[in-house]
Amino acid sequence: MYEGKHVLIIFDDLTKQAEAYRAISLLLRRPPGREAYPGDVFYLHSRLLERCAKLSDDLGGGSLTGLPIIETKANDISAYIPTNVISITDGQCFLETDLFNQGVRPAINVGVSVSRVGGAAQIKAMKEVAGSLRLDLSQYRELEAFAAFASDLDAASKAQLERGARLVELLKQPQSQPMPVEEQVVSIFLGTGGHLDSVPVEDVRRFETELLDHMRASEEEILTEIRDSQKLTEEAADKLTEVIKNFKKGFAATGGGSVVPDEHVEALDEDKLAKEAVKVKKPAPKKKK
2 MYEGKHVLII
12 FDDLTKQAEA
22 YRAISLLLRR
32 PPGREAYPGD
42 VFYLHSRLLE
52 RCAKLSDDLG
62 GGSLTGLPII
72 ETKANDISAY
82 IPTNVISITD
92 GQCFLETDLF
102 NQGVRPAINV
112 GVSVSRVGGA
122 AQIKAMKEVA
132 GSLRLDLSQY
142 RELEAFAAFA
152 SDLDAASKAQ
162 LERGARLVEL
172 LKQPQSQPMP
182 VEEQVVSIFL
192 GTGGHLDSVP
202 VEDVRRFETE
212 LLDHMRASEE
222 EILTEIRDSQ
232 KLTEEAADKL
242 TEVIKNFKKG
252 FAATGGGSVV
262 PDEHVEALDE
272 DKLAKEAVKV
282 KKPAPKKKK
């Protein structure tokens, strides 16, 4: 990195290193601390990870990025080694075995995963479309756990569960298939904008793939605008919404049904609701004697 190059170092993994260090320390009869680790185990990791830095131009302008990997026991991130490493790093991606077994790949628990860099590393278009994504997914996970014990849910909760299931399906990604950022913006716009609410969950990934293929072939100017300007202007969002509506008309669900929402029925329901009024009967005023 002193030659202006950018270096990535992966520590795989610091949990096993700490356990080996603990075993050696106990054999040497050093005083044990929390979870029988020696008192200097934090220094052991910090002196490795805090070497990662971005050099000034005078020193070469290179950088060293560290990616430590740690193992949790029963998904417990409050253990000694996980909390130590979390306090040193600029965030964490928490991978969960249960999500992996459910077919969610990458199996990232968004409720526990944190980035201190956050939006500073995102383009403006991504900030706009993905601003509520993490909160939506966290609320979906909580509601999903509650729904397993509650049989009767209100309409708003059911709608939140339906959209959350589509967001989870949308974020599944095959291995070694990175996406350009402009296509990521379009995909997340589909989910957070409610454009997938009428698409069956099992058809979400096919809908996304075919829509992106259609846009590369016929609507390349929208993708180019997002890539070049790094923004999703109101005009571009309107164009994208229109493209999605038109694409839905030619998309057939697995069961052969249409994914175009019945706007007439929705408008009728809203019209009926608008005409409803609450009548309050007031008692007649008493006559004065």
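Note that the working numbering has the sequence shown beginning at 2, numbered continuously upward. Every residue, glycine too, gets a C-beta built ideally from N, C-alpha and C.
**Request:** Look at S139 and G112 and say whether their C-beta atoms are less than 8 Å apart.
**Result:** Yes.
**E183 and I227 closer than 8 Å at C-beta** = Yes.
**Message:** Taking its Cβ as the centre, do 16 or more other Cβ atoms sit within 10 Å of N102, making it buried, or is it exposed?
**Reply:** So N102 ends up on the exposed side.
**Asked** Taking the Cβ atom as the reference point for each residue, do L171 and L212 lie within a distance shorter than 8 Å?
**Response** No. Outside cutoff.
**Request:** With DSSP as the reference, label D198 as helix, strand or coil.
**Result:** Secondary structure at D198: coil, using DSSP grouped into helix, strand and coil.
**Request:** Mind checking which residues open and close the beta strand (DSSP E) that includes P69?
**Result:** Looking at the DSSP string, the run of the beta strand (DSSP E) that includes P69 is 64-70.
**Request:** Starting from the Cα of D46, find the closest Cα among G165, G61, N85 and give me that residue.
**Result:** Correcting the residue type first, residue 46 is His in the shown sequence and not Asp. Cα-wise, what sits closest to H46 is N85.
**Prompt:** When you compare only the Cα positions, how much space is there between D14 and L50?
**Reply:** D14 and L50: Cα-Cα distance of roughly 13 Å.
**Message:** Quick check on V118: does DSSP put it in helix, strand or coil?
**Reply:** Reduced to three states, the DSSP call for V118 is coil.
**Request:** Could you tell me which uninterrupted beta strand (DSSP E) segments, each at least 3 residues in length, are contained entirely in the region 2-41, listed from first to last along the chain?
**Result:** The qualifying runs are 7-13.
**Message:** Output needed for E145: all residues of its chain with C-beta closer than 6 Å, excluding positions within five of it in sequence on either side, in chain order.
**Reply:** No residues qualify anywhere along the chain.
**Asked** When we look at the beta-carbon of R167 and count the other beta-carbons within 10 Å, is it buried (16 or more) or exposed?
**Response** Its Cβ being crowded by 16 or more others within 10 Å, R167 is buried.
**Message:** Please state whether the Cβ-Cβ distance between L68 and L9 is less than 8 Å.
**Reply:** Going by beta carbons, L68 and L9 fall inside the 8 Å limit.
**Own chain partners of A1 with C-beta closer than 8 Å, once the 5 adjacent residues on each side are dropped** = A question about residue 1 goes unanswered here, because the residues of the chain that appear run from 2 up to 290.
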